[in-house]
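So in the UniProt record's numbering, spot 13 of the sequence shown is number 13, and the numbers just go up one at a time.
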Amino acid sequence: MTRYVILVKASLTTEGKGKASPDILTAVGKFNDEMNAAGVLAGGEGLRPTSEGYRVRFSATHDEVEVLNGPFDLKEQSTISGWWLVKVKDGEEALSWAKKIPFRGTQNAEVEIRRLSEVDDFDMSDEQKQREESLRKEIEGK
C-alpha cells in the first residue's frame, strides 16, 4: 500500500473567523468512519489557527534561523488546517477518497493530495534505510 497525505487548506473558518456548522462536523465524522471501515485511514488531525503557530525559516547563507509568529496571510502564504493520512493502492484511490470529503457548500474549501516519500525514493545506504525502517516501526508501535 502507498501512503498519501490529504492536506486541508486553511480558510477563514479554520482561522476562527467563522464557525464550522454542526452538520459539517457530523459529516466529517462519518467520512472518517467510512475511511476507517474501508481500512485506508492511517491518521488525521485538525490544526489550531495560524495565530497560534510559528514559521521557522532557514538560510543557505546564514547560521541563524528566522522565526515568524502567526497569524499568517491565507492569500499570500500556503497554509494548512488539517490532514488525513491514507494507505491506498495508488494516487487514483487517494483522489477518489478526497473527492468524497464532505466540504461541498463550504467557503472555498480545498485539499491537496501528496504521496509520502518512502526510503527507496532516496539514495540511502542500506544502513540508513534500516535505521529509517526501524524508526518508523518504533513510531507506529507507540
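The C-beta atom is built at its ideal place from N, Cα and C for all residues, glycine as well.
- Residue environment for ALA94: buried (at least 16 other C-beta atoms within 10 angstroms of its C-beta).
- By DSSP's assignment, GLU112 forms a beta bridge with LEU7.
- Judged by DSSP secondary structure, ILE24 falls within the alpha helix (DSSP H) whose first and last residues are 22-37.
- Unbroken alpha helix (DSSP H) stretches of 4 residues or longer found wholly inside the stretch 68-135: 91-99, given in chain order.
- In the DSSP assignment, the residues bridged to GLY44 are TRP84.
- According to DSSP, residue pairing for THR50 in a beta bridge does not occur.
- In the structure shown, GLU66 falls within a strand segment according to DSSP collapsed to helix, strand and coil.
- Taking C-alpha positions only, SER81 is separated from VAL119 by approximately 27 Å.
- At the C-beta level, VAL111 and TRP97 stay beyond 7 Å of one another.
- In this structure, PRO102 places its C-beta atom within 7 Å of the C-beta atom of ALA27.
- Sequence-distant Cβ neighbours of ALA42 in its own chain, meaning closer than 7 Å and more than five residues away, are ARG3, LEU85, VAL86, LYS87.
- For THR13, the secondary structure class from DSSP, reduced to helix, strand or coil, is helix.
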